[in-house]
Amino acid sequence: MRKTPGSHWLRRNTTVDDLLDDGAENGSDVRVFGEDPPPGPGPHADGLQAQRTAYTHDQQQRAVSAAHIAVRRSRSVWGAATGIACVVAGAWWILYPVARWVAHPGMKRAWPLMERVSEAGATFYGAVLVVFGAVLTGFSLYVPRPRA
Numbered sequence: 000m001r002k003t004p005g006s007h008w009l010r011r012n013t014t015v016d017d018l019l020d021d022g023a024e025n026g027s028d029v030r031v032f033g034e035d036p037p038p039g040p041g042p043h044a045d046g047l048q049a050q051r052t053a054y055t056h057d058q059q060q061r062a063v064s065a066a067h068i069a070v071r072r073s074r075s076v077w078g079a080a081t082g083i084a085c086v087v088a089g090a091w092w093i094l095y096p097v098a099r100w101v102a103h104p105g106m107k108r109a110w111p112l113m114e115r116v117s118e119a120g121a122t123f124y125g126a127v128l129v130v131f132g133a134v135l136t137g138f139s140l141y142v143p144r145p146r147a
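Heads up: the sequence shown begins at 0 in numbering that gives the first Met the number 0, then just goes up one per residue.
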């Protein structure tokens with residue numbers, strides 16, 4: 000492609016709708032894509048640039064509002080249910096701690112690593128599980144407010 004001093008004008012002033020528009024049905028201005036050189040500085044070029052800037056700003060606002068709508072609908076019921084289940088299980092371990100053996104299966108070992116958890120350890124792990132469940136529930140249900 001041969002570069003000329005005004006070769007980037009078309010790229011700067013073309014939107015996606017311009018590329019998809021055939022120009023025949025709605026009478027849009029397709030002279031921009033012709034063989035004529037881009038308009039020089041003047042009122043016609045300034046008006047065309049103002050139209051393009053306003054149209055691009057409108058497209059950006061619609062995209063941002065569509066993104067906010069998508070974010071507003073992004074609540075996760077399954078994440079909240081999992082978080083609540085973790086809170087309930089953690090509270091159970093805090094209220095009724097039991098000393099037990101816990102198996103940690105390994106990928107490289109033929110047998111699981113066994114850990115003895117005391118009643119104080121069960122209470123600690125229960126508290127960790129409650130905090131984890133609360134954070135998971137909060138992140139699952141939190142929806143940011145759109146900026147005005």
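The beta carbon of each residue, even a glycine, is placed where N, CA and C say it ideally should be.
Using the beta-carbon count (16 or more within 10 Å), is residue i buried or exposed?
i	result
M0	With a pLDDT of 49 at M0, under the threshold of 50, the predicted position of this residue should be treated as unreliable, and no value is reported.
L112	exposed
G105	exposed
Just to check my reading of the structure: residue i and residue j have Cβ atoms closer than 8 Å, yes? What is that Cβ distance to the nearest angstrom?
i	j	result
I93	T122	5 Å
I83	G132	7 Å
G89	L128	3 Å
Which two residues bound the contiguous alpha helix (DSSP H) that contains residue i?
i	result
W77	76-94
Could you please give the first and the last residue of the uninterrupted beta strand (DSSP E) stretch that includes residue i?
i	result
A102	99-103
V116	112-116
In angstroms, rounded to a whole number, what distance separates the CA positions of residue i and residue j?
i	j	result
Y141	W100	37 Å
Q60	G46	21 Å
V130	V86	7 Å
S117	H103	16 Å
A98	W91	14 Å
Y95	W110	29 Å
K107	A119	30 Å
V134	R74	14 Å
V76	F138	11 Å
Would residue i pass as an interface residue toward chain B - the criterion being a Cβ-Cβ separation below 8 Å?
i	result
V116	Here chain B cannot be found, since the structure has a single protein chain.
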